[in-house]
Amino acid sequence: MSSMPFQVYFPFRFLTCLASAGDMVPFSFVGGSRRRESRCSSSTPGLLFCTGPAVPMLAGRDTSSLSPKVPLLGPEVSGSGADSLPLILCPSLCLQNKPWKKRKGPVQWSPGLVSFQKRYPWVQLAGHAGNFKAGDLGHVWKRHCSNEQQCLERLGGDALQPYVPAYYGMVEHDGEPYIRMEDLLCGFENPSIMDCKMGVRTYLEEELEKARQQPCLRHDMYDKMMAVDPSAPTPEEHAQHGVLKPRYMQWRESLSSTSSLGFRIEGVKTASGACSTSFKKTRQPEQLVEAFWDFLDKDKHLLSSYLEQLEEVRVALDQSEFFKAHEVVGSSLLFVHDKTGLARVCMIDFGKTVPLPDKQTLTHRLPWVEGNREDGYLWGLENLMAIMQNMLEKPDRAMDTSPT
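In terms of my numbering, the sequence shown is residues 131 to 534.
Below is the structure:
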């Protein structure tokens, strides 16, 4: 087995890891929603992301000619011993009856759908990698969360359904339940990906209340605070080498554009392979404009496509019975495009989206005051669209991102 680098995208985090691999072809996965204009087989809304040609479903097809190295079903790929990484999920070339080819360059992946072995504990730096497993062809399995399961069930038939992952029920693996949902990035070639966390907060009011009822100094949160801003802890917190969770959560949101604009950039991966999650202190509109242009490679056609789709999402939110009846916290908009100009936006991550008490409604625009449950989702979306609209209207010579 030879060593080769793999660039892996996980929602919220990115990393480049070194794994052992044999013969590989490029392919990638990400959990997400239905594509507007899939280049994959129309027989399924599944959103399998292949960096090579599109991969149709295998149903009803003769697979006897496929390489024995191609695993078609199952949550993981068998390795050759405890040191191996289960890597191959769905090669983009296998359905053309072409032989495997050894890749000498990096293979692109998305997101944390692979169960890494215990020898790779640092993979958690990429986010909750253990929450995902590769499912059968065209699907991913996400560790069960009752909130997310209920949301995906309720979104079936809702106005938002085209912009969220399709739900295919529950599965069990090694005694643990998983949500079976669509893959996201079918047909994109070496995509650029941006994750924007929506709303004015990423924690539920219940989390604050629980933390107050059971106060506990968090040394890990103190360390995170120090890593971002050594001047942030109070003298008392310095002396205790710890902070309370409510204090940390509110401080964290105040750093970025979450509290000031109702959204923040969580992470970006460009087609060049460059990845960044260094947006914790990205707060000012001109900083966001610079990050957006980098993501778009200054392509106004892509920007226009994204704006059009964001308007469709906004209209769907206005029409959605689900949105009227839920507090949407910690959810993201995922932006994906490639060099062909194909672009799409979808809503992901509903683990903290909860139904409102009977007869309570939200504007999704009013400022949040503890107790009113406002999430600021629409306010953030409208601010995001206003910034992008301003970018679109600027003449090309003004795309230097300087403050106006």
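Don't be surprised by glycine CBs; every beta carbon is placed ideally from N, CA and C.
A quick note: this is a predicted structure, and the numbers were derived from the prediction, not measured.
Straight-line CA distance for residue i to residue j?
| i | j | result |
| --- | --- | --- |
| Val443 | Val301 | 30 Å |
| Gln380 | Leu492 | 21 Å |
| Phe409 | Lys354 | 14 Å |
| Gly372 | Met351 | 7 Å |
| Glu523 | Ser434 | 10 Å |
| Leu426 | Lys340 | 41 Å |
| Pro295 | Leu282 | 7 Å |
| Pro525 | Ser406 | 27 Å |
| Val358 | Cys275 | 30 Å |
| Gln370 | Arg382 | 19 Å |
| Gly286 | Tyr297 | 8 Å |
| Leu440 | Gln344 | 40 Å |
| Gly329 | His368 | 30 Å |
| Cys346 | Leu514 | 36 Å |
| Arg284 | Arg310 | 15 Å |
| Pro175 | Val398 | Legend: pLDDT at Pro175 = 33, less than 50; position of this residue unreliable, value from coordinates given subsequently. Spanning the two alpha carbons is a distance of roughly 25 Å. |
| Thr400 | Gln291 | 27 Å |
| Phe422 | Leu508 | 20 Å |
Could you please give the first and the last residue of the uninterrupted beta strand (DSSP E) stretch that includes residue i?
| i | result |
| --- | --- |
| Ala473 | 473-478 |
| Trp271 | 269-273 |
| Phe465 | 462-467 |
| Cys346 | It is not in any beta strand (DSSP E) - Cys346 carries neither H nor E in the DSSP assignment. |
| Pro307 | 306-312 |
| Val458 | Here Val458 belongs to no beta strand (DSSP E), and DSSP marks it neither H nor E. |
| Phe393 | 393-399 |
| His303 | 297-303 |
| Asp325 | 322-328 |
| Phe422 | That residue, Phe422, is in no beta strand (DSSP E); its alpha helix (DSSP H) goes 415-426. |
| Pro263 | The displayed chain sequence assigns Lys, not Pro, to residue 263. Run containing Lys263: 262-264, per the beta strand (DSSP E) assignment. |
What do you reckon, are the CB atoms on residue i and residue j nearer than 8 Å?
| i | j | result |
| --- | --- | --- |
| Arg348 | Tyr378 | yes |
| Asp479 | Ser450 | no |
| Val475 | Phe318 | no |
| Glu306 | His269 | no |
| Pro363 | Met356 | yes |
| His494 | Gly506 | yes |
| Ile517 | Val419 | yes |
| Lys469 | Asn261 | no |
| Ile323 | Leu464 | yes |
Under the assumption that residue i contacts residue j (Cβ atoms under 8 Å), give the Cβ distance between them as a whole number of angstroms.
| i | j | result |
| --- | --- | --- |
| Pro376 | Leu334 | 12 Å between Cβ atoms; not a contact. |
| Trp498 | Arg342 | Trp498 to Arg342, Cβ: 17 Å. No contact. |
| Glu396 | Asp325 | 4 Å |
| Phe452 | Asp304 | In fact, because the Cβ distance is near 32 Å, the residues do not count as touching under 8 Å. |
| Glu457 | Leu486 | 6 Å |
| Leu432 | Gly471 | 7 Å |
| Arg394 | Ser386 | 4 Å |
Cβ-heavy atom distance between residue i and the ligand GDP below 7 Å?
| i | result |
| --- | --- |
| Gly460 | With respect to the ligand GDP, the structure offers nothing, as it holds no ligand at all. |
The alpha helix (DSSP H) with residue i in it runs from where to where?
| i | result |
| --- | --- |
| Ala516 | 507-523 |
| Glu367 | 365-370 |
| Ser384 | 375-385 |
inquiry  = Three Cβ pairs or more, each shorter than 8 Å: is that satisfied between the segment 413-429 and the segment 388-397?
reply    = As far as the Cβ criterion goes, the segment 413-429 touches the segment 388-397, which means the pair count is three or higher.
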